[in-house]
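Structure, as structure tokens:
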Amino acid sequence: MHHKIPSLAFGERELDQAHRLHQNSTSVEAMDAPFGDWWHEIVVFKPLVFEEAFDAVLAVREQHTVLLNICRMDPEHARRTIDFVIGAVTALDGQHVRIDEKVFLFAPSLVAIKTL
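Printed below as a string of structure tokens:
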């Protein structure tokens with residue numbers, strides 16, 4: 556899942572830092588779900604620090620759906636993280652839904668999100 560991606564919105568330093576954090580992080584889980592001829596991966600992030608938000612945006616940019624749980628962050632960093640990810644995913648034509656007070660779903664434009 557780690558691919559070198561040309562930067563659109565982030566500088567190389569930020570991408571490298573996010574990649575290093577991601578490699579050393581235990582806060583990321585991936586669930587594979589087969590549907591027909593394609594695989595769609597849902598990536599679960601439980602960040603501790605704001606810098607881990609870059610990984611969530613990169614995952615959406617790679618066409619993965621992201622479940623972001625900010626329960627382990629202090630309120631100030633959690634708000635900053637959510638604001639950043641919402642803005643970046645919106646800029647990528649993605650979408651988001653608040654699932655719970657501290658859980659958010661982010662998806663690329665290819666994914667239809669239905670709220671029942």
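If you use the working numbering, the sequence shown corresponds to residues 556 to 671, in order.
Yeah, the Cβ is synthetic: ideal placement off N, Cα and C, and Gly gets one too.
If you draw a 10 Å sphere on the C-beta of LEU671, you find fewer than 16 other C-beta atoms in it, and that means exposed. Straight-line spacing of the CA atoms in ARG627 and PHE605 works out to 11 Å.
When rounded, the separation of the alpha-carbon atoms in LEU603 and VAL644 is 20 Å.
Inclusion of HIS651 and PHE659 in the CB contact set at 8 Å is warranted, their separation being smaller than that value.
DSSP links VAL658 through a beta bridge to ASN624, ASP655.
Distances from the CA of GLU596 to each of VAL621, ALA667, ASP629 were compared; the closest alpha carbon is that of VAL621.
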